[in-house]
Every structure is written in structure tokens, then in C-alpha cells.
Amino acid sequence: MKIVVTGGLGFIGSHTTVELQKKGFEVVIIDDLSNSTEKVLDGIVAITGKRPEFEKIDLKEKSKVEDFFKRHQDIAGVIHFAASKAVGESVEKPLLYYENNIGTLVYLLKELSKKQRASFIFSSSCTVYGQADKMPITEDAPVKAAESPYGNTKQIGEEIIQETCKVTPAINAIALRYFNPMGAHPSAEIGELPIGVPQNLVPFVTQTGAGIREQISVFGGDYPTEDGTCIRDYIHVVDLAKAHVVALERLLDGKNEENYEVFNVGTGKGSSVLEVIQSFERVSGKKLNYKIVGRRPGDIMTAYADTTKANEVLGWKAESSLDEAMKSAWLWEQRVRKESV
Ligand code: WQD
Numbered sequence: 003m004k005i006v007v008t009g010g011l012g013f014i015g016s017h018t019t020v021e022l023q024k025k026g027f028e029v030v031i032i033d034d035l036s037n038s039t040e041k042v043l044d045g046i047v048a049i050t051g052k053r054p055e056f057e058k059i060d061l062k063e064k065s066k067v068e069d070f071f072k073r074h075q076d077i078a079g080v081i082h083f084a085a086s087k088a089v090g091e092s093v094e095k096p097l098l099y100y101e102n103n104i105g106t107l108v109y110l111l112k113e114l115s116k117k118q119r120a121s122f123i124f125s126s127s128c129t130v131y132g133q134a135d136k137m138p139i140t141e142d143a144p145v146k147a148a149e150s151p152y153g154n155t156k157q158i159g160e161e162i163i164q165e166t167c168k169v170t171p172a173i174n175a176i177a178l179r180y181f182n183p184m185g186a187h188p189s190a191e192i193g194e195l196p197i198g199v200p201q202n203l204v205p206f207v208t209q210t211g212a213g214i215r216e217q218i219s220v221f222g223g224d225y226p227t228e229d230g231t232c233i234r235d236y237i238h239v240v241d242l243a244k245a246h247v248v249a250l251e252r253l254l255d256g257k258n259e260e261n262y263e264v265f266n267v268g269t270g271k272g273s274s275v276l277e278v279i280q281s282f283e284r285v286s287g288k289k290l291n292y293k294i295v296g297r298r299p300g301d302i303m304t305a306y307a308d309t310t311k312a313n314e315v316l317g318w319k320a321e322s323s324l325d326e327a328m329k330s331a332w333l334w335e336q337r338v339r340k341e342s343v
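Its first residue numbered 3, the sequence shown is counted upward by one per residue in my numbering.
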């Protein structure tokens with residue numbers, strides 16, 4: 003069966019492509035290479051031995067999207083990762099985010115609406131919950147006013163899909179609300195591509211460990227949490243990738259109860275920033291140079307998932323511990339450093 007993975011050369015997209023190929027799916031990757039490189043294809047081949055078809059397409063170009071679907075009539079499903087995802091950048095460039103994250107989604111759904119039956123997996127985020135009132139966070143926790151245009155595009159994206167599915171029974175969709183993806187494939191053939199100064203915690207930790215960064219700033223040590231630092235649910239990217247395959251198979255096998263469903267994808271465990279740093283020190287045997295500084299504007303204090311629905315309804319559960327995920331992140335960092343010399 004042919005599955006399109008948009009943003010398939012990105013961090014989560016490449017890991018999901020590997021898991022799809024392992025399950026025997028034929029994968030066609032669409033990527034505009036704005037935040038990835040074709041070299042990622044070599045990493046995928048090194049792991050699975052199969053080179054996915056790749057087309058460099060900017061999904062903002064409607065005619066290109068129409069042409070692609072005309073040439074690929076036998077598409078059974080789409081897993082849609084392609085989007086801009088830097089929270090800070092979205093505040094500075096809101097229109098870029100609305101055009102790239104919403105416009106492209108509309109074009110994809112218009113193409114799927116023409117088909118007899120289509121399965122669609124949407125990359126959403128726990129960002130839609132904002133600072134949830136109750137931990138762990140369940141899927142029926144209220145969606146709060148977004149703190150950034152990035153988060154808003156995820157909320158709007160979910161609404162667009164839900165409303166489309168209401169009037170288009172041919173489309174069966176699942177939105178996966180990711181918590182905090184981290185780590186890399188255990189082979190260290192693919193991972194999070196380090197482009198510029200990392201915004202996210204884990205790549206900053208491993209780059210500090212590798213000596214690329216002098217010191218890591220811990221944004222806030224005075225939160226009312228156990229050790230004063232923020233808590234998140236850090237999930238191994240391979241576990242996250244596997245959740246996409248399970249969700250897709252649910253739709254392809256017609257097991258979905260509604261034609262629009264939502265699942266949290268996390269480990270169900272919260273870890274503080276200091277616990278993440280301690281995890282790195284355990285797995286690497288290196289002391290990490292960090293400094294506790296002021297809070298980062300826009301940060302919420304705590305977010306970790308109630309994974310009951312994914313475990314019981316989807317039949318998926320995260321398997322890797324924080325240390326195992328951190329170990330994979332560190333191996334990847336060392337591999338990238340070796341290659342960059
Ligand atoms: C985690 C914690 C920081 C860097 C965002 C998006 C989310 C998803 C993942 C795209 C926070 C602290 C961080 C640093 C630090 N994005 N931190 N020093 O903000 O939870 O989630 O990225 O899919 O949608 O909202 O992730 O990794 O940026 O931060 O102390 O140098 O680490 O304050 O508490 P976040 P993050």
C-alpha cells in the first residue's frame with residue numbers, strides 16, 4: 003500500500019518512514035527541504051535497505067499538490083508532518099506560519115476529498131492544551147487559547163480536519179497530540195538535524211555535552227515543582243513513530259469508531275529539566291555545564307500525558323525510558339560531530 007509522508011525527511015517524518023517500511027508499506031516522501039536535506043534518505047536506506055520515492059514539493063504551491071495526486075492515484079493514506087514548528091519564530095512571523103501550516107493542510111484535504119476513501123494522520127501537539135489544569139492531561143482537557151501562532155495552527159488544523167470529516171465520510175482522520183519528542187534511531191543513522199542554535203532542550207543538552215555549546219541555560223528554577231524547573235513528557239522519537247503506524251493501520255483496517263479521532267502520544271511520565279540533565283550525565287558519564295537563569299516567556303510549567311486512550315483504544319504504548327531515549331540522542335550527537343569534522 004502506498005503512503006505519502008509529507009515532511010518525511012524531517013525528524014519525526016524520517017523515523018516514521020522507517021517504521022512504515024518495516025511494516026511493508028510503500029512510502030512516497032514529499033519534502034520542501036526547508037528544514038532537512040536529501041542526505042536523510044541515505045540514513046533511511048542504511049536502516050531499511052529500501053529507498054523511499056522522494057519528491058521535492060512545496061505544498062504551498064496548490065497546482066503542484068494537485069499534480070502530485072493526479073500522478074499518484076493509488077495513495078491509501080497520508081501522514082502529514084510538513085509544517086513550520088519553531089514557537090519563537092512563529093511569534094515573529096505569524097503569516098509564514100498560517101500560510102505554511104494551514105494553507106498546505108487545506109490543499110491536502112481538498113485532494114483527499116476527491117478520493118473514495120482516504121486515511122489521514124495529522125501531526126498535532128500537546129501545545130493545544132496550554133497549561134492544563136489537571137495532570138496527567140487527558141484528550142478531553144479543554145483546548146486553551148494558544149500562546150503562539152505555532153500552537154494556534156495546530157488548534158486550527160484540528161478544527162479544519164474535524165469539520166471536513168463531518169461532511170466528507172471518505173476521509174478518516176486521526177490527530178496525534180505529541181508531547182516532547184526526543185532521541186534518535188538506535189542505529190544513529192537518522193536523528194534530529196542540528197540546524198542553527200537548538201530551541202529545544204534535548205539537542206541543546208547533547209550539543210553542550212559535545213562541547214559545541216559552552217553552557218546550557220535552565221529557563222527558570224523557581225517554579226512550584228519539586229526541583230523548581232519545568233516538567234514535560236519526553237517521548238522517544240521511535241516510540242512516537244510507531245504510534246503513527248498503529249494509528250494509520252487503525253484507519254486502513256476500518257477499526258476507527260469515528261472518522262475523526264484524537265490521541266495523546268506521550269510516555270505518561272513527567273520529567274523536570276534538571277532530571278533531563280541528570281539523565282544525560284548518567285548515560286554519557288559527563289558532567290553538564292548548566293546555569294539556572296530567568297524563566298522563558300510563554301513556557302508552561304507542567305505537561306505530561308494521560309496515555310490511557312492510546313494504550314487501550316489505539317493499542318500502543320511507549321516502551322523507552324528517559325535514559326534510553328537520552329542514550330540514543332547522545333549517540334546521534336557523537337555521530338553528527340564525527341561527521342562534521
Ligand atoms: C522544554 C523545557 C524549557 C531549552 C516545544 C513546543 C512543542 C514542540 C516541542 C514542536 C522547557 C526548557 C529548553 C533550553 C531550557 N515543538 N529549556 N533550556 O517548549 O516544551 O515544547 O517544543 O513540535 O509543540 O511547544 O520544548 O524543548 O523547548 O523546552 O531550560 O535551552 O526545557 O523552558 O521547560 P517545549 P523545549
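Where a beta carbon is used, it is the ideal one built from N, C-alpha and C, also for glycine.
Asked	Found
CB of residue 87 to nearest heavy atom of the ligand WQD: below 8 Å?	yes
Please classify residue 147 as buried or exposed, where buried requires at least 16 neighbouring CB atoms within 10 angstroms.	exposed
For residue 21, does the count of other Cβ atoms within 10 angstroms reach 16, so buried, or fall short, so exposed?	buried
Out of 269, 116, 50 and 96, state which residue places its alpha-carbon closest to the alpha-carbon of residue 319.	269
Under 8 Å, with one C-beta from each stretch per pair, do the region 264-281 and the region 311-318 reach the 3-pair mark?	yes
With DSSP as the reference, label residue 252 as helix, strand or coil.	helix
Can residue 201 be considered in contact with the ligand ZN, in the sense that its beta carbon sits closer than 8 Å to one or more heavy atoms?	Of the ligands this structure carries, namely the ligand WQD, none is the ligand ZN.
Below 8 Å, can you find three or more Cβ-Cβ pairs linking the region 240-248 to the region 10-19?	yes
Could you check the C-alpha separation between residue 112 and residue 126 for me, to the nearest Å?	19 Å
Below 8 Å, can you find three or more Cβ-Cβ pairs linking the region 289-305 to the region 171-180?	no
Expressed to the nearest angstrom, what Euclidean distance is found between the alpha-carbon atoms of residue 120 and residue 65?	20 Å
Entirely within the region 114-150 and at least 3 residues each: give me those beta strand (DSSP E) ranges in chain order.	120-127
In chain order, which continuous runs of the beta strand (DSSP E) of length 3 or greater are located wholly inside the region 203-251?	218-221 and 236-238
Taking the beta strand (DSSP E) that residue 4 falls in, what are its first and last residues?	4-8
Which residue comes first and which comes last in the beta strand (DSSP E) that contains residue 79?	77-82
Drop a sphere of 10 angstroms on the beta-carbon of residue 199, count the other beta-carbons inside from all chains shown, and report buried for 16 or more, exposed for fewer.	exposed
What do you reckon, is the C-beta of residue 211 under 8 Å from a heavy atom of the ligand WQD?	no
Drop a sphere of 10 angstroms on the beta-carbon of residue 295, count the other beta-carbons inside from all chains shown, and report buried for 16 or more, exposed for fewer.	exposed
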